[in-house]
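Protein sequences appear in the order of chains C and Y. The opening residue of the first sequence carries number 1 in my numbering; numbering runs sequentially from there. The opening residue of the second sequence carries number 303 in my numbering; numbering runs sequentially from there. Where a beta carbon is used, it is the ideal one built from N, C-alpha and C, also for glycine. Keep in mind it's a predicted model, so treat the numbers as computed, not measured. Data first, discussion second: the structure below is written as structure tokens.
Protein chains: 2
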Amino acid sequence: MAVLSRLEWSHIEVLLAVAELGSLSAAARRLGVTQPTVGRQIGAIEECFGVELFTRLASGMEPTEAAMALLEPARAMREAANKLELTAAGRSETAGGTVRVTTSVFIAHHVMPPVFARLRRLAPEISLELVASDTTENLLFREADIAVRMFRPRQLDVVTRFIGEVELGLFGAKDYLDRAGRPERGDDLLRYDFVGYDREEQLVQGFRQAGFNVDREFFTTRCDNQATYWELVRAGCGLGFGQASIARADPDLEEVPLGFELPRLPIWLTVPDVIRHRPAIRRVWAVLEADLLAIADGSEQR
Amino acid sequence: MAVLSRLEWSHIEVLLAVAELGSLSAAARRLGVTQPTVGRQIGAIEECFGVELFTRLASGMEPTEAAMALLEPARAMREAANKLELTAAGRSETAGGTVRVTTSVFIAHHVMPPVFARLRRLAPEISLELVASDTTENLLFREADIAVRMFRPRQLDVVTRFIGEVELGLFGAKDYLDRAGRPERGDDLLRYDFVGYDREEQLVQGFRQAGFNVDREFFTTRCDNQATYWELVRAGCGLGFGQASIARADPDLEEVPLGFELPRLPIWLTVPDVIRHRPAIRRVWAVLEADLLAIADGSEQR
DNA sequence: CGCCATCCATAAATTTATGCATACCCAATC
DNA sequence: GATTGGGTATGCATAAATTTATGGATGGCG
């Protein structure tokens, strides 16, 4: 027996995401679920209303007129939901202490520095420690309190929260590209200079997985400080990898089309079950959550 | 592993219901789910926010200060959701035809007449037929298009929608009670005159189940028209049963405490799967839904 | 003071929804 | 015209939620 259930409020959030992003897959990424799930939920809404809300195109989902009419109240709902969430967050008590955050080396370099800067400003009473490590066991051994991971931890006794995904890209200074020339189709990217990391192996491994046999020395300029790394790229020392959303907004930089696909980085926050209620932990968690949400793709919602 | 998931919008609806009705059970009745479900969802919200939202009393759930602070944005969400639902409903095409609605005899007498009146006014292009019958198979044999039932149908190939519950009560005119005297504790209610139905047996059976051995003649005044029935009660012909929410608002009437509990009437809308997309059906369904929602308990939401 | 109704919390059983893998479609590109 | 990359739809095993069925606790009422 089919049940034509009352429209669930959660479904409206899904409707919004699909309408705004134009595809089930993109909406699924924003919401941290899979594409079939989003598809089925959209189907349920159309079923419930008896109206076609999207026309299925090869390029994605195009909202019909009916769907457009629903957008305004849906956005009003989101606004109210945000307000509610903020109100709730404001009710949690605050207190000092030290919070240790662990992330992969890559995330520590590429994502965390500006986040930590804002965290210092927003919660000066809390001391921070950043543990850059690719070991995943830190939380269990209590070497850190909160982990930012690029996968969903499967351990017991931890609490996780999906944040979103960060899109990476390859960028170079306009200056440099003027000198070295823009890449032609089929061109060999290896002829360019690359800015790399000194101690970190991830970039090297990434290149090797893509079929380019390079070693650490391949990167003609190396630096372990992310802020400096980025300045080296902007100064024209060579091509470098960074967050696409940030780099694209930089007028001095130009995106370089890659021959292969860079993985998107999903972000998961994790905290051990037993300590997550401590006020300082809650506070850091809340700020991390907000900042990372703003960084992750699909954050145009606010 | 525990997942501290993003707050789901549906949960806010639950929060609202519990805060407004003051108990898990009442909220569950309004939402058409069971009490443990509501309890767990409230738990999940508190978990997510890290704040106690309700103090558990024996008499129910009392909202804490934190919960009160969330009420205003939550109501804003509900308002937006209502607007969205109305917008969506307005998008369905309209067309004439005849729609047959079947209900139990009891519902046909007690609930439907004013609903049908409004339905006539709102959709004059649709002819209506009311089939009062306690047989549950009408839909299968296609004797009717839409059924209003006091239970959730379990057949295949039909679509159902929970509406809410109607509370019944025993009432008498102030006039009449002045004459006959108010009942004392332990008093025998049978000494009063009762207004009953002529052809309907449900009231008789109800009395028998409550331990009073009465027959049809016990009802000193009888009438098969619900509107007239009610006027007879208001005129002081005796005590009569009716919708509590309506009767309590009537200054001429007084509620008479009963020695036993009257069952609440849950309301389910049902339509066969294959015809529910026909415009006239959709239209009648939408009006029935709106009207019955307004009648059912817990409708103070609008 | 015991009875009874109402309420919440908890434990098994079942329904429901989700994720994964895969097939398929279309457009752009070489 | 094959290939690649992005999208959507579907079948099935699994995980998650709900229902159902209990028990315990409290307050009203005779």
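- From what residue to what residue does the alpha helix (DSSP H) around Ala247 (chain C) run? Ala244 to Ala247
- Find the residues of chain Y that neighbour Met150 (chain C), judging by a C-beta separation of less than 8 Å, and give them in chain order. Near Met150 (chain C) there are no residues of chain Y at all, since even the closest Cβ is about 17 Å away, more than 8 Å.
- Could you tell me the distance, in whole angstroms, from the CA atom of Gly362 (chain Y) to the CA atom of Ser325 (chain Y)? 5 Å
- Message: Counting only Cβ pairs nearer than 9 Å, list the residues of chain Y close to Arg29 (chain C).
- Response: Within chain Y, no residue comes near Arg29 (chain C); the closest Cβ sits about 14 Å away, beyond 9 Å.
- Query: For Arg161 (chain C), which residues from the same chain have a beta carbon less than 6 Å from its beta carbon, with the 5 sequence-adjacent residues on both sides left out?
  - Reply: Leu269
- Query: The beta strand (DSSP E) spanning Ala629 (chain Y) covers which residue range?
  - Reply: This structure does not reach residue 629 (chain Y), given that chain Y is present from 303 up to 604, and the question cannot be answered.
- For Trp268 (chain C), which beta-bridge partners are listed by DSSP? C:Arg149 and C:Phe162
- Task: Give the secondary structure of Leu4 (chain C) by DSSP, where H, G and I count as helix, E and B as strand, and everything else as coil.
- Result: coil
- Task: Out of C:Ala74, C:Asp252 and C:Asp215, state which residue places its alpha-carbon closest to the alpha-carbon of Tyr197 (chain C).
- Result: C:Asp215
- Task: Could you tell me whether any Cβ in chain Y is nearer than 9 Å to the Cβ of Met77 (chain C)?
- Result: yes
- Less than 9 Å separating the beta-carbons of Arg585 (chain Y) and Ile428 (chain Y)? yes
- Query: Cβ of Tyr494 (chain Y) within 9 Å of Cβ of Leu541 (chain Y)?
  - Reply: yes
- Of the residues C:Ile267, C:Arg100 and C:Leu4, the one placed nearest Met150 (chain C), counting alpha carbons only: C:Ile267
- Task: Go to Arg332 (chain Y), then tell me how far its alpha helix (DSSP H) extends in each direction, as first and last residue.
- Result: Leu326 to Leu333
- Item | Backbone secondary structure at Leu541 (chain Y) - three-state DSSP | strand
- Message: Considering only the alpha carbon of each residue, which of Y:Ala382, Y:Ile344, Y:Val353 and Y:Val340 lies closest to Leu7 (chain C)?
- Response: Y:Ala382
- Task: Below 8 Å between beta carbons is the criterion; list the residues of the segment 344-361 of chain Y that meet it against any residue of chain C, in chain order.
- Result: Phe351, Gly352 and Val353
- Item | Start and end residues, beta strand (DSSP E) containing Ile126 (chain C) | Ile126 to Ala132
- Beta bridge counterpart(s) of Pro279 (chain C) as assigned by DSSP: The partner list for Pro279 (chain C) (beta bridge, DSSP) is empty, contrary to what the question assumes.
- Ala286 (chain C) to Ile344 (chain Y) span [Cα, whole Å]: 21 Å
- Task: Reducing DSSP to helix, strand and coil, say where Leu71 (chain C) ends up.
- Result: helix
- May I ask which residues mark the beginning and end of the alpha helix (DSSP H) holding Gly341 (chain Y)? Gln337 to Phe351
- Kindly indicate the opening and closing residues of the beta strand (DSSP E) around Leu470 (chain Y). Leu470 to Ala475
- Task: Count the other C-beta atoms from every protein chain shown that fall within 10 angstroms of the C-beta of Arg423 (chain Y), then say buried if there are 16 or more, exposed otherwise.
- Result: exposed
- Query: What's the C-alpha gap between Val166 (chain C) and Trp230 (chain C)?
  - Reply: 17 Å
- Please classify Thr220 (chain C): does DSSP put it in a helix, a strand, or coil? coil
- Message: Is it buried or exposed, Leu4 (chain C), if we count other Cβ atoms within 10 angstroms and call 16 or more buried?
- Response: buried
- Item | Pairwise C-alpha distance: Leu232 (chain C) and Glu309 (chain C) | The structure shown has nothing for residue 309 (chain C), since chain C only spans 1 to 302.
- Contact check, Val195 (chain C) vs Phe219 (chain C) under 8 Å by CB: the rounded distance? 6 Å
- Measure how close the beta-carbons of Arg536 (chain Y) and Ala475 (chain Y) come, nearest whole angstrom, since I'm counting them as under 8 Å. 6 Å
- Item | Same chain, Cβ closer than 7 Å to Pro416 (chain Y), five either side skipped, listed in chain order | none
- Message: So Ile314 (chain Y) contacts chain C; which residues on that side make the cut at Cβ distance below 9 Å?
- Response: Trp9, Ala80, Ala81 and Leu84
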